[in-house]
Amino acid sequence: MEGRKLFISLLPNTETPVSIQYQKSGQETTVTVGTPWPEYDVDILSEEETRVTTSVNLCMVIWKGKTKNDEISSNAEWHRAVASNGHHSFHGIKSPTKVGEYCCVFCVTENLASKTAVLTSEVFTMKTVAGVPKCLLPSSEPGTPTVSNAHVAVNRILIR
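For the sequence shown, the numbering used here gives the first residue as 275, with consecutive numbering after it.
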């Protein structure tokens, strides 16, 4: 077919997120119960492999146990933020109070109240371990001690 050449210029969309990249501070994958998680720097990238130019609803989702097919558990803990200019830093998030292996994922949602992920990162795991004990408590509360009522004082015993 003969005719004029038509030049087309396709520009990438810098407002639509297509991937999530994260980087954590430090190399540790174990955290002591009650201490903060490591700091995570999260970038939401556009088609051009640069940060998106709009604000995005970003969540860090944490749940205990293994993941099945990279699905977010129904009992997950959601930490929400608005990532302006395609970047957000999650810091100061306290680790769970129970020892075990936890799955984490970063996801973009339609709004701050939504639990439907539009875009997710790969699932990674963190392990929480017990810290040093602060005080020792009995497994059950001891009863009130009483003394048996014997006539001879030597025969009296302490009863709990």
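Heads up, the beta-carbon is just placed ideally off N, CA and C, and yes, glycines get one too.
Assuming residue 403 contacts residue 373 under a Cβ cut-off of 8 Å, what Cβ separation, rounded to an integer in Å, is found between them?
Their Cβ separation, rounded to whole angstroms, is 6 Å, which keeps residue 403 and residue 373 in contact under 8 Å.
In chain order, what residues of the same chain lie with their CB nearer than 6 Å to the CB of residue 298, ignoring the 5 residues before and after it?
312 and 314, listed in sequence order.
Are the CB atoms of residue 366 and residue 291 nearer to each other than 9 Å?
No; because the gap between Cβ atoms is not below 9 Å, this pair is not in contact.
Are at least three pairs of beta-carbons, each pair with one atom in the region 330-342 and one in the region 375-391, less than 8 Å apart?
Verdict: yes, contact present.
Closest to residue 361 by C-alpha separation, out of 324, 424 and 399, would be which residue?
That would be 324, whose Cα lies nearest to the Cα of residue 361.
Would you list the one or two residues that DSSP bridges to residue 421?
Answer is 432.
So is residue 281 buried or exposed if we call it buried at 16+ other beta carbons inside 10 Å?
Exposed, since its Cβ has fewer than 16 Cβ neighbours within 10 Å.
Counting beta carbon pairs with one atom in the region 381-396 and one in the region 413-421, are three or more of them shorter than 8 Å?
Taking 8 Å as the limit for Cβ pairs, the verdict is that the region 381-396 does not touch the region 413-421.
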